[in-house]
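Peer 1: Supplied in structure tokens, the structure appears directly below.
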Amino acid sequence: AKSAGGNRFELADPEADARAITRHGLTTALPTALDRGEFFIEYQPLVHLGDGTVHGAEALVRWLHPQHGVLGPDRFIPLAERTGLIVPLGRWVLEEAVRQARSWQERHDRSGPLRINVNLSPCQLTHPGLVADTVAILEQAGLEPDALCLEVTESALIGADDSLLKPLRRLAEMGVDIALDDFGTGYSNLANLRRLPVRVLKLDRSFTQSMQQYPADPVDLKIVEGIVSLAHSLDLAVTVEGVETGAQAEQLRILGCDTAQGWYYARPGPPERLHELSLLDATG
Ligand code: C2E
Ligand code: CA
Ligand code: CA
Ligand code: CA
432 AKSAGGNRFE LADPEADARA ITRHGLTTAL PTALDRGEFF IEYQPLVHLG
482 DGTVHGAEAL VRWLHPQHGV LGPDRFIPLA ERTGLIVPLG RWVLEEAVRQ
532 ARSWQERHDR SGPLRINVNL SPCQLTHPGL VADTVAILEQ AGLEPDALCL
582 EVTESALIGA DDSLLKPLRR LAEMGVDIAL DDFGTGYSNL ANLRRLPVRV
632 LKLDRSFTQS MQQYPADPVD LKIVEGIVSL AHSLDLAVTV EGVETGAQAE
682 QLRILGCDTA QGWYYARPGP PERLHELSLL DATG
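Under UniProt numbering, the sequence shown has 714 at position 283, and the numbering climbs by one with no breaks.
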């Protein structure tokens with residue numbers, strides 16, 4: 432039995448080989464990809480569930496790899512976090528997205544500012560330059576801090592001590608919104624929310640998926656209802672992600688969610704896409 436087991440593991444697995452080669456290729460190419468200008472950003476609109484108007488857009492980074500084509504963030508963000516590249520990469524994303532938001536504002540006469548959401552890795556949170564970099568980037572682009580929302584995953588803030596929360600508090604005091612991303616997946620103590628400088632809960636896609644049936648599972652409905660009422664009682668807005676159908680949008684609207692994001696409205700795309708969809712003009 433022992434040798435059979437040994438043999439099994441010695442068998443060639445071409446797929447595993449390919450994965451290992453790919454992984455190795457990415458590891459060596461990643462550190463210089465930023466200098467080579469291989470990253471780009473797609474934007475996905477966030478809409479108000481009440482009237483369908485655009486609230487803002489989330490910046491989602493992609494890597495145009497010379498051999499492998501376009502790679503999604505799940506393929507390289509973990510690697511960037513392990514190698515520390517996430518700090519300069521994250522700063523580049525912020526700079527690029529803030530500049531884009533400013534240019535949207537300049538091209539459209541809007542009553543309120545179009546908001547821009549940018550994801551923040553836990554490694555960026557612990558980096559001492561976060562607050563100063565963010566201030567400098569906003570000032571250079573001429574974007575008001577309250578047009579920026581930084582998304583931090585719930586898991587990154589579970590059990591976070593004050594040293595981690597301090598930069599977020601400073602940013603929140605300046606007017607930057609902090610959103611708790613992937614909310615509902617991290618088993619965080621709901622009472623703990625009061626401690627966090629958070630303005631927005633982004634309900635994880637798994638909740639949206641459970642609204643696929645109409646009517647949805649009554650237990651799931653109760654859970655979302657509970658989260659929304661708790662969030663609103665704490666003055667937090669609720670965004671839902673992964674909305675793929677009108678039925679999901681309708682149920683989540685009835686449950687009191689504020690804004691939504693998903694393929695039902697628009698897939699992530701180049702910045703021009705927001706104009707093509709006339710989404711920006713909707714609130715004019
Ligand atoms: P996330 O922040 O939860 O972003 C939402 C993900 O859901 C995005 O995947 C988006 O393309 C996808 N999505 C949007 N609408 C729908 C829908 O209707 N259905 C489905 N099935 N999916 C939808 P993406 O772009 O692959 O990004 C994956 C994750 O990578 C993000 O999850 C975020 O955690 C991370 N990420 C993306 N950009 C950055 C970045 O600049 N910095 C950092 N640190 N992380 C990033
Ligand atoms: Ca996000
Ligand atoms: Ca999310
Ligand atoms: Ca996610």
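Cβ atoms here follow ideal geometry from the backbone N, Cα and C, with glycine treated the same way.
It should be emphasised that the depicted structure is a prediction, and the values quoted were computed from it without experimental measurement.
By the 10 Å Cβ neighbour count, where 16 or more other Cβ atoms means buried, how is A653 classified, buried or exposed?
Peer 2: For clarity, residue 653 is Lys in the given sequence; the question names Ala instead. Classification for K653: exposed.
Peer 1: Closer than 6 Å to a non-hydrogen atom of ligand 3 - does that hold for the CB of G672?
Peer 2: Contrary to the premise, residue 672 reads as Glu rather than Gly in this sequence. Yes, the Cβ of E672 comes within 6 Å of a heavy atom of ligand 3.
Peer 1: Can you tell me which of H486, L457, Q644 and P519 puts its alpha carbon nearest to the alpha carbon of S552?
Peer 2: Per the C-alpha coordinates, the member of H486, L457, Q644 and P519 positioned closest to S552 is P519.
Peer 1: Just how far apart, CA to CA, sit Q692 and A578?
Peer 2: So the two alpha carbons sit approximately 17 Å from each other.
Peer 1: If you run the structure through DSSP and keep just helix, strand and coil, what is V607?
Peer 2: coil
Peer 1: Sorted by chain position, which residues of the same chain lie with C-beta nearer than 7 Å to residue 427's C-beta, five sequence neighbours on each side aside?
Peer 2: There is no way to answer for residue 427, as the model of the chain reaches only from 432 to 715.
Peer 1: Which residues share a DSSP beta bridge with T639?
Peer 2: BP columns for T639 are empty, so no partner.
Peer 1: Using the C-alpha atoms, what's the distance from H499 back to S664?
Peer 2: Take the alpha-carbon of S664 and the one of H499: they are about 47 Å apart.
Peer 1: Per DSSP, I472 forms a beta bridge with which residues?
Peer 2: Answer is V492.
Peer 1: Classify E703: buried if its beta carbon has 16 or more other beta carbons within 10 angstroms, exposed otherwise.
Peer 2: By the Cβ neighbour-count rule, E703 is exposed, with fewer than 16 other Cβ atoms within 10 Å of its own.
Peer 1: With 16 as the cutoff for other CB atoms within 10 Å, does I685 come out buried or exposed?
Peer 2: By the neighbour-count criterion, in which 16 or more other beta carbons inside 10 Å mark a residue as buried, I685 falls on the exposed side.
Peer 1: Three-state secondary structure (DSSP) at S542?
Peer 2: Model confidence at S542 stands at a pLDDT of 49, short of 50, so the residue's coordinates are unreliable; what they give is reported in the following sentence. In this structure, S542 counts as coil in the three-state DSSP scheme.
Peer 1: Quick one: is the Cβ of D612 within less than 6 Å of any heavy atom of ligand 3?
Peer 2: yes
Peer 1: Heavy atom of ligand 1 less than 6 Å from the Cβ of L516, yes or no?
Peer 2: no
Peer 1: Within the same chain, show all residues whose beta-carbon is closer than 8 Å to that of W523, passing over the 5 residues directly before and after it, in chain order.
Peer 2: L465 and F470
Peer 1: On the premise that E582 lies in contact with A610, defined as a C-beta separation below 8 Å, what is that separation, rounded to the nearest angstrom?
Peer 2: 5 Å
Peer 1: Hey, is W694 close to ligand 1, as in C-beta under 6 Å from one of its heavy atoms?
Peer 2: At a cut-off of 6 Å, the beta-carbon of W694 counts as near ligand 1: some heavy atom of the ligand is closer than that.
Peer 1: Mind checking E672: buried by the 16 CB within 10 Å criterion, or exposed?
Peer 2: It counts as buried.
Peer 1: Starting from L632, follow the beta strand (DSSP E) in both directions and report where the run begins and ends.
Peer 2: Note, L632: beta strand (DSSP E), V631 to L634.
Peer 1: Taking buried to mean at least 16 other C-beta atoms within 10 Å of its own C-beta, is L705 buried or exposed?
Peer 2: buried
Peer 1: Do the stretch 555-562 and the stretch 590-605 meet, that is, are 3 or more Cβ pairs less than 8 Å apart?
Peer 2: yes
Peer 1: Does at least one heavy atom of ligand 6 sit under 6 Å from the Cβ of V650?
Peer 2: This structure does not include ligand 6; its bound ligands are ligand 1, ligand 2, ligand 3 and ligand 4.
Peer 1: Between T525 and V549, is the Cβ-Cβ spacing less than 7 Å?
Peer 2: The question names Thr, but residue 525 is Leu in the sequence shown. Contact flag set, yes.
Peer 1: Report the residue from A587, K633, S586 and V529 whose alpha carbon sits nearest the alpha carbon of V566.
Peer 2: V529
Peer 1: On the DSSP bridge assignment, give the partners of D612 in chain order.
Peer 2: T584
Peer 1: Does the distance from the CB of V501 to the CB of L510 come in under 7 Å?
Peer 2: The Cβ atoms of V501 and L510 do not sit closer than 7 Å to each other.
Peer 1: What are the boundary residues of the beta strand (DSSP E) that A668 is part of?
Peer 2: Note, A668: beta strand (DSSP E), A668 to V671.
Peer 1: Would the C-beta of N550 count as close to ligand 1, meaning under 6 Å from any of its heavy atoms?
Peer 2: yes
Peer 1: Tell me whether L574 sits in a helix, a strand or coil according to DSSP, three-state version.
Peer 2: If DSSP states are grouped into helix, strand and coil, L574 belongs with coil.
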